[in-house]
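Terminal number for the sequence shown in the numbering used here: 1302, no gaps in between.
Each residue gets a CB set at the ideal place from its N, CA and C atoms; glycine is no exception.
Just so we're clear, the structure is a prediction, and the values are computed from it rather than from any experiment.
Remarks on the structure that follows.
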Amino acid sequence: MLTFLKEGQRTYVLLFRKGSEASDCSYHNIEKALDQIKNIHLVAADVTTVRDIHEHYPVTSVPSLLVFEGQQFANVIKGCNDDGFYKSLFESALFSAKAAESGTPQKRVTVYSTPSCSWCNTLKTHLKKNGVRFTDVDVSRDEKAAEAMVKRSGQQGVPQTDINGEMIIGFDKTRINTLLGIQ
1120 MLTFLKEGQR TYVLLFRKGS EASDCSYHNI EKALDQIKNI HLVAADVTTV
1170 RDIHEHYPVT SVPSLLVFEG QQFANVIKGC NDDGFYKSLF ESALFSAKAA
1220 ESGTPQKRVT VYSTPSCSWC NTLKTHLKKN GVRFTDVDVS RDEKAAEAMV
1270 KRSGQQGVPQ TDINGEMIIG FDKTRINTLL GIQ
């Protein structure tokens, strides 16, 4: 697998089990997202035939999408997500690559949201419009992430944004713009 990982490049490795409903869902939705976005480096491995990858990373179930920065493991995204989630994930990778080319350091941004939250969607649109790479965590589908969010902020409502470790509750546009250097 290391032959697919190149320095200075983000690579995604989808671990799935063909025939599993969740894996087929994830595979299909990633394909739909890739139809809309080019220049994404992704490798898919069926765990029924490739058995030596998951042992080295925090993979306890499939589907799991491993994210690598160069040859360094960066993140794992578990389960089936909709194509919009994967599209946002891949777009954020492109935003990150553009920022790296310009020499501007990218801050780590995580948005905790739910699909039905209008302020969450407004926040994500604002970040995308300004070319800010972010990770979107749907707390309605990820109970552990929701618990971690509440533990960090003491608040249950969304949106919440983690910018380099600082939690912003709600869509506080002025504070978000200040922290991210958006004019």
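DSSP state of residue i mapped onto helix, strand, coil
i: residue 1209; result: helix
i: residue 1196; result: strand
i: residue 1235; result: coil
i: residue 1155; result: helix
i: residue 1143; result: helix
i: residue 1257; result: strand
i: residue 1124; result: coil
i: residue 1295; result: helix
i: residue 1202; result: helix
i: residue 1214; result: Note on residue 1214: pLDDT 48, under 50, position unreliable in the model; no value is reported.
i: residue 1301; result: coil
i: residue 1172; result: coil
i: residue 1219; result: Note that residue 1219 has pLDDT 49, beneath the 50 cutoff, so the model's placement of it is unreliable and the number below is only indicative. Residue state, collapsed to three classes: helix.
Residue-level contact to chain B via CB, residue i, 9 Å cutoff
i: residue 1148; result: Checking the listed chains, one finds no chain B in this structure; it contains a single protein chain.
In DSSP terms, what residue i is bridged to
i: residue 1268; result: Answer by DSSP bridge pairing: none, since residue 1268 is not bridged.
i: residue 1134; result: 1164 and 1183
i: residue 1288; result: 1279
i: residue 1129; result: 1188
i: residue 1230; result: 1255 and 1280
Reference residue i; option with closest CA among the options
i: residue 1243; options: 1226, 1261 and 1279; result: 1279
i: residue 1132; options: 1207, 1241, 1249 and 1197; result: 1197
i: residue 1126; options: 1191, 1248 and 1157; result: 1191
i: residue 1205; options: 1161, 1225 and 1284; result: 1161
i: residue 1225; options: 1269, 1265 and 1251; result: 1251
i: residue 1260; options: 1199, 1210, 1295 and 1270; result: 1199
9 Å Cβ cutoff met for residue i and residue j
i: residue 1202; j: residue 1149; result: yes
i: residue 1258; j: residue 1246; result: no
i: residue 1299; j: residue 1186; result: no
i: residue 1184; j: residue 1255; result: no
Worksheet entry | the region 1283–1296 contacting the region 1255–1274, beta-carbon criterion three pairs below 8 Å | yes
Discussion item. Is it the case that the region 1222–1236 contacts the region 1176–1189, given that we only count it when at least three CB pairs across the two stretches are under 8 Å?
Written reply: no
Practice prompt. Indicate whether the contact test is met: 3 or more Cβ pairs, each with one atom in the region 1152–1167 and one in the region 1134–1141, closer than 8 Å.
Written response: yes
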